[in-house]
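Below: one structure, written as structure tokens.
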Amino acid sequence: METGITFTFAAIFLGAAILSSAALYARQPIIIAYIALGIALGPFGLGVVSDMELVSGAGHVGIILLLFLLGLDMKPIALWNSLRQSTLVAVLSALVFAATGYGLSRLFGFAGMDAVLISAALVFSSTIIGIKLLPTTVLHHRHLGEMMIALLLFQDLLAIIVLVMMESAGIGDLTWRALLQPLLTLPLLGLVSWLSVKTLLLTLIRRFDRYHEYIFLLSIGWCLGMAELSVWLGLSAEIGAFIAGVSIASSPIAQYIAISLKPLRDFFLVVFFFSVGSGLDMTLLPEIALPALVMAGVFLALKPAVFHVLVRGVFDEPKLAWNLGLRLGQCSEFALLIAFLGLSKGLLGAPAATLIQACTVLTLLVSSYLVVLTLPNPIAIKEDLRRD
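Per the working numbering, the sequence shown runs over residues 66 to 453.
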């Protein structure tokens with residue numbers, strides 16, 4: 066089967082166009098169509114698309130652009146206030162989810178490192194689903210958007226620490242320096258970003274802002290450059306892209322950049338959701354079907370309930386608590402990364418890795434349905450819920 070880049074993208078986008086058309090006629094969320102297409106055409110399905118390195122890489126670019134645009138909507142002071150206020154909620158919820166995941170893993174016969182990594186993977190909520198299904202008006206102007214972003218960023222930092230520990234454990238060099246590195250290099254990244262914007266970037270933008278294609282190229286270069294610098298410092302590309310966005314969020318041109326990059330972001334996010342479905346190993350599903358269904362069901366019920374209790378207790382805002390809980394009621398794309406890394410480093414068995422993938426995909430699917438059908442979002446089926 067041909068696996069060139071043209072063939073790969075043709076199969077993905079032609080298939081996505083067909084399935085999303087059917088989904089819209091059936092009044093279903095189109096994200097579900099992208100994931101279903103990945104399951105059907107991926108290497109564990111019909112095998113039409115087999116170059117998963119290309120697909121995963123392109124999907125990752127979509128996540129980077131999403132976090133950059135997210136940063137463009139967050140003023141630094143508002144971001145700091147939200148992070149400070151949400152720390153208690155983030156820590157307590159992580160402890161509850163980790164303990165529940167570990168207990169369920171042991172119940173279904175997983176032990177040792179398998180149980181630990183399964184519990185760690187199920188802690189995090191999806192940045193992609195949470196932000197993609199959040200209306201822009203909410204993101205800009207409401208406390209809900211700020212609180213969700215703060216919680217997701219805190220979880221991202223925890224996920225990075227887990228990944229650093231896995232990398233170090235895989236080479237037998239787990240040290241305090243490796244664990245503390247993300248906490249030390251994050252302020253350095255922020256300082257480099259702030260100085261670069263103040264001394265160079267804003268000067269270039271003010272001088273050449275009438276050349277729209279130049280602003281487009283400069284913003285993409287800034288986003289991807291900061292993403293790579295972040296990786297070099299031991300952080301994730303997503304955090305680097307987010308900081309790149311925050312650093313120019315106060316500029317008058319920030320919203321123009323956000324609008325001009327949205328189509329490019331959506332292009333790559335289609336590939337990301339395809340990669341989520343294509344990574345599911347169907348041959349191992351019979352072995353882990355019952356644990357996956359039970360654990361996915363437990364976390365779909367537990368996450369909204371825990372976030373509701375904690376947010377209501379800390380902020381005394383019942384309506385915001387339920388809204389936030391439902392939007393964060395799924396497992397994260399970081400869980401897929403933990404499964405992949407754990408398997409490649411020999412820290413995780415194949416059944417445990419497939420269990421993490423299956424739980425993640427199931428919760429992404431069901432959570433997307435719940436949000437699209439019940440809460441305001443940009444791709445709602447009901448007209449009264451659709452908010453761009």
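C-beta: ideal position from N, C-alpha, C; glycine also.
Consult DSSP for D221 and reduce its assignment to one of helix, strand or coil.
On the sequence shown, residue 221 is found 156 positions in, with the first residue counted as 1. Here D221 sits in helix by DSSP.
Using only alpha-carbon positions, find the residue among L389, G305, F175 and L438 that is nearest to V126.
If you number the sequence shown from 1, residue 126 lands on position 61. With distances taken between Cα atoms, V126 lies closest to G305.
Is it true that the CB of F219 sits closer than 7 Å to the CB of V188?
Residue 188 sits at position 123 when you count from the first residue of the sequence shown. Residue 219 sits at position 154 when you count from the first residue of the sequence shown. No, these two residues do not count as a Cβ contact at 7 Å.
From L300, L130 and V374, pick the residue whose C-alpha is nearest to that of L223; which is it?
Numbered from its first residue, the sequence shown carries residue 223 at position 158. Residue L300 holds the alpha-carbon nearest to the alpha-carbon of L223 among L300, L130 and V374.
Rounded distance between the beta-carbons of F337 and I194, thought under 8 Å:
The residue labelled residue 194 in the question sits at position 129 within the sequence shown. The residue labelled residue 337 in the question sits at position 272 within the sequence shown. The C-beta separation of I194 from F337 comes to about 11 Å, leaving the pair out of contact by the 8 Å criterion.
Anyone know if the C-beta pair for C396 and T428 falls short of 7 Å?
Stepping through the sequence shown from its first residue, residue 396 is reached at position 331. Stepping through the sequence shown from its first residue, residue 428 is reached at position 363. Going by C-beta atoms, C396 is nearer than 7 Å to T428.
Got a sec? Which residues, its chain only, sit under 8 Å from S315 by beta carbon, not counting five neighbours each side?
Within the sequence shown, numbered from 1, the residue matching residue 315 stands at position 250. Excluding residues within five positions, the ones whose Cβ falls inside 8 Å are K140 and P141.
I want to check one thing, is the minimum distance from the CB of L298 to the heavy atoms of the ligand ZN below 6 Å?
The ligand ZN is not part of the structure shown, which contains no ligands of any sort.
Close-in-space but distant-in-sequence residues of the same chain around R171 (CB under 6 Å, 5 per side omitted):
In the sequence shown, counting from the first residue as 1, residue 171 sits at position 106. Taking R171 as the centre and dropping the five residues before and after it, the same chain places the C-beta of A180 closer than 6 Å to its C-beta, in chain order.
Can you give the beta carbon distance from S158 to V371, rounded, assuming they're within the 8 Å contact cut?
Position 93 of the sequence shown, counted from the first residue, corresponds to residue 158. Position 306 of the sequence shown, counted from the first residue, corresponds to residue 371. Separation of the CB atoms of S158 and V371 is rounded to 5 Å, and the pair is thereby assigned contact status at 8 Å.
Would you call the CB atoms of A400 and T425 closer than 7 Å?
For the purposes of this step, residue 400 is taken as residue 335 along the sequence shown, with counting starting at 1. For the purposes of this step, residue 425 is taken as residue 360 along the sequence shown, with counting starting at 1. Cβ distance < 7 Å, so A400 and T425 count as in contact.
Going by DSSP in three states, V113 sits in which element: helix, strand or coil?
Here residue 113 is taken as the residue at index 48 of the sequence shown, counted from 1. Residue state, collapsed to three classes: coil.
So which of L402, G166 and L269 has the shortest CA-CA distance to V359?
Position 294 of the sequence shown, counted from the first residue, corresponds to residue 359. Out of L402, G166 and L269, G166 has the C-alpha closest to the C-alpha of V359.
For K263, name the three-state secondary structure that DSSP assigns.
Counted from its first residue, the sequence shown places residue 263 at position 198. In the three-state scheme derived from DSSP, where H, G and I count as helix and E and B as strand, K263 is classed as helix.
Can you tell me the Cα-Cα spacing of Y434 and R392, whole angstroms?
Locating residue 434 in the sequence shown gives position 369, counting from the first residue. Locating residue 392 in the sequence shown gives position 327, counting from the first residue. Answer to the nearest angstrom: the Cα atoms are 11 Å apart.
Determine whether the beta carbon atoms of F333 and A185 lie at a separation below 7 Å.
Taking the first residue of the sequence shown as position 1, residue 333 is located at position 268. Taking the first residue of the sequence shown as position 1, residue 185 is located at position 120. No; because the gap between Cβ atoms is not below 7 Å, this pair is not in contact.
So what's Y276 in DSSP terms, helix, strand or just coil?
Counting from one through the sequence shown, the residue named residue 276 turns up at place 211. The answer is coil: DSSP assigns Y276 none of H, G, I, E or B.
Candidates A76, V227 and L289: closest to A404 by CA position:
Numbered from 1 along the sequence shown, position 339 holds the residue referred to as residue 404. Closest in C-alpha terms to A404, from the list A76, V227 and L289, comes V227.
Here's a check: name, in chain order, each residue in its chain whose Cβ is nearer than 7 Å to the Cβ of I196, leaving out the five neighbours to either side.
Locating residue 196 in the sequence shown gives position 131, counting from the first residue. Result list for I196: L131 and L135, in chain order.
Where M139 sits in the DSSP three-state scheme
The residue labelled residue 139 in the question sits at position 74 within the sequence shown. Here DSSP, grouped into helix, strand and coil, assigns M139 to coil.
Hey, how far is the Cα of A323 from the Cα of L137?
By one-based count along the sequence shown, residue 323 stands at place 258. By one-based count along the sequence shown, residue 137 stands at place 72. Here the alpha carbons of L137 and A323 stand approximately 7 Å from one another.
For a quick check, are the C-beta atoms of V120 and S340 less than 7 Å apart?
Along the sequence shown, one-based indexing puts residue 120 at 55. Along the sequence shown, one-based indexing puts residue 340 at 275. A contact, by the Cβ cut-off of 7 Å.
Euclidean distance between Cα positions of M212 and L148
Residue 212 sits at position 147 when you count from the first residue of the sequence shown. Residue 148 sits at position 83 when you count from the first residue of the sequence shown. Roughly 8 Å between the two C-alpha positions.
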